[in-house]
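Residue numbers (the numbering used here): 561 to 784.
Quick notes on the structure that follows.
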């Protein structure tokens with residue numbers, strides 16, 4: 561069994577670092593605001609776990625004040641080609657999760673994708689079989705350093721390296737995903753499933769015959 565002592569503190573965590581290659585002054589794009597609204601409709605539902613809803617509340621409070629810097633020009637990585645297939649699952653589910661899927665599809669051409677380092681228990685296809693996209697945060701469509709909003713895509717039959725979270729993170733599944741927190745049992749998250757991982761928690765995630773797509777948001781620093 562994986563133990564907390566065996567995991568690297570930050571190496572595999574998908575939290576972004578640095579800034580995008582090009583940023584311009586401007587206003588939050590309408591399509592990005594639609595995505596934020598769609599995510600909020602899911603994360604503030606009455607049945608969302610309390611810590612996930614609490615953390616999301618702080619994140620979305622910070623987002624009520626848009627940045628004035630915005631990244632331009634998207635890119636692709638091999639794994640980002642699975643995005644359309646994964647989003648189709650969310651859209652087919654209907655309701656609020658479909659709205660979020662459509663909102664991500666709308667901004668997909670403007671997303672900048674990046675990858676994590678490999679690490680403990682990663683599948684053999686991990687390096688080319690995963691990618692992260694940042695909507696809000698360093699190098700994202702909206703440049704800011706207090707909150708991150710992004711997504712992680714994984715190819716079928718892949719496993720992300722077990723790693724320790726750098727920031728409190730709320731996750732929302734847009735596809736079927738298997739996740740494990742610390743030394744708990746593996747749990748299956750269906751589209752629309754929400755879970756929370758605190759700073760310092762160990763996280764493992766994997767998928768079988770379908771691409772994995774997780775939407776996530778992080779609060780990076782305490783606000784007064």
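Backbone N, C-alpha and C fix where the C-beta goes; we use that ideal spot for every residue, glycine too.
Predicted, not measured: the structure shown is a model, and the values here were computed from it.
Taking the alpha carbon of residue 769 as the point to measure from, which residue in 736, 750, 741 has its own alpha carbon closest? As a working note, residue 769 is residue 209 in the chain shown. Of the candidates 736, 750, 741, the one whose C-alpha sits nearest the C-alpha of residue 769 is 736.
Quick one: give me the first and last residue of the alpha helix (DSSP H) that residue 619 is part of. By one-based count along the chain shown, residue 619 stands at place 59. Looking at the DSSP string, the run of the alpha helix (DSSP H) that includes residue 619 is 610 to 623.
Spatial distance of residue 522 from residue 717 (CA atoms): Residue 522 is absent from the structure shown; the chain starts at 561 and stops at 784.
Residue 738 - DSSP class collapsed to helix/strand/coil: As a working note, residue 738 is residue 178 in the chain shown. In the structure shown, residue 738 falls within a strand segment according to DSSP collapsed to helix, strand and coil.
Determine the direct distance from the alpha carbon of residue 622 to that of residue 592, and round the result to whole angstroms. Along the chain shown, one-based indexing puts residue 592 at 32. Along the chain shown, one-based indexing puts residue 622 at 62. If you take the alpha carbons of residue 592 and residue 622, they lie about 15 Å apart.
Grab me the residues of residue 748's own chain with a C-beta within less than 6 Å of its C-beta, minus the 5 sequence neighbours each way, in chain order. The residue given as residue 748 occupies position 188 in the chain shown. Scanning its chain for C-beta atoms nearer than 6 Å, with the 5 sequence neighbours on each side dropped, one finds around residue 748 the residues 738, in chain order.
Residue 644 lies in the beta strand (DSSP E); which residues open and close that run? Indexing the chain shown from 1 puts residue 644 at position 84. Counting along the chain, residue 644 falls outside any beta strand (DSSP E), though it belongs to the alpha helix (DSSP H) covering 643 to 653.
How should residue 700 be labelled, buried or exposed, when 16 other C-beta atoms within 10 angstroms of its C-beta is the threshold for buried? As a first step, residue 700 must be located in the chain shown, where it is residue number 140. Counting other Cβ atoms within 10 Å of its Cβ, residue 700 reaches 16 or more and is therefore classed as buried.
Which of helix, strand or coil does DSSP assign to residue 595? Translated into positions along the chain shown, residue 595 becomes position 35. Three-state result, residue 595: helix.
Going by Cα to Cα distance, which pick from 774, 638, 659, 763 is closest to residue 801? Because the chain spans 561 through 784 in this model, residue 801 falls outside it and cannot be assessed.
Compare the C-alpha of residue 626 against each of 589, 602, 649 and name the closest. Locating residue 626 in the chain shown gives position 66, where the first residue counts as 1. Among 589, 602, 649, the Cα nearest to that of residue 626 belongs to 589.
For residue 652, which residues of its own chain have a beta-carbon under 8 Å away from its beta-carbon, when the five flanking residues on both sides are left out? On the chain shown, position 92 is the one that residue 652 refers to. These residues qualify, in order along the chain: 658.
Buried or exposed, going by whether 16 or more other CB atoms sit within 10 Å of the CB of residue 745? On the chain shown, residue 745 is found 185 positions in, with the first residue counted as 1. Flag for residue 745 reads exposed.
Might you give, ordered along the chain, the residues of its own chain that have their beta carbon closer than 6 Å to the beta carbon of residue 729, omitting 5 neighbours on each side? Here residue 729 refers to the residue found at position 169 of the chain shown. Closer than 6 Å at Cβ, skipping near neighbours: 757, 776, 778.
Delimiting residues of the beta strand (DSSP E) encompassing residue 674: If you number the chain shown from 1, residue 674 lands on position 114. Start and end: 672 to 674.
Beta-bridge pairing of residue 693 - partner residues as DSSP gives them: Stepping through the chain shown from its first residue, residue 693 is reached at position 133. Beta bridge pairing from DSSP links residue 693 with 673, 711.
Quick check: what's the CA-CA separation for residue 759 versus residue 742? Stepping through the chain shown from its first residue, residue 759 is reached at position 199. Stepping through the chain shown from its first residue, residue 742 is reached at position 182. Residue 759 and residue 742: Cα-Cα distance of roughly 12 Å.
Answer with buried or exposed for residue 606, where buried requires no fewer than 16 other C-beta atoms within 10 angstroms of its C-beta. Stepping through the chain shown from its first residue, residue 606 is reached at position 46. Exposed is the call here.
Quick check: residue 673 and residue 636, are their CB atoms within less than 8 Å of each other? For the purposes of this step, residue 673 is taken as the residue at position 113 of the chain shown. For the purposes of this step, residue 636 is taken as the residue at position 76 of the chain shown. Going by C-beta atoms, residue 673 is nearer than 8 Å to residue 636.
Considering only residues of the same chain and omitting the five flanking positions on each side of residue 615, which have a CB-CB separation below 7 Å? Numbered from 1 along the chain shown, position 55 holds the residue referred to as residue 615. So the qualifying residues of the chain are 728, 730, 756, 779.
Pick helix, strand or coil for residue 702, following the three-state DSSP scheme. Here residue 702 refers to the residue found at position 142 when the chain shown is read from its first residue. Reduced to three states, the DSSP call for residue 702 is strand.
Find out if the Cβ-Cβ distance for the pair residue 598, residue 660 is shorter than 8 Å. Indexing the chain shown from 1 puts residue 598 at position 38. Indexing the chain shown from 1 puts residue 660 at position 100. A contact, by the Cβ cut-off of 8 Å.
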